[in-house]
Amino acid sequence: MINLADSGDIAREDVGCGILYGVIRDSAFKIKKIAEQEKENHIKKGWWKYAREKSRPHFLSNN
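So the sequence shown is residues 261 to 323, counted in the working numbering.
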């Protein structure tokens, strides 16, 4: 989403598009922040095997 907003903002032809791409960019950063917080919460709970395996959280794995 961030890349989409950046690309669109570069190619935009009017202010309305700039506003739209700004909203998309802001939303993307908010979603990214929430996802990072959730990842940290899962790491603290021991639900995220990331250090050695770089795998998905155990509850998403097929094991």
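Glycine residues also receive a C-beta, built at the ideal position from the N, C-alpha and C atoms. All values derive from a computational prediction rather than experimental measurement.
Exposure of TRP307 is indicated by the presence of fewer than 16 other C-beta atoms within 10 angstroms of its C-beta. The segment 264–272 and the segment 280–291 touch, with three or more beta-carbon pairs separated by less than 8 Å. Here DSSP, grouped into helix, strand and coil, assigns GLY306 to coil.
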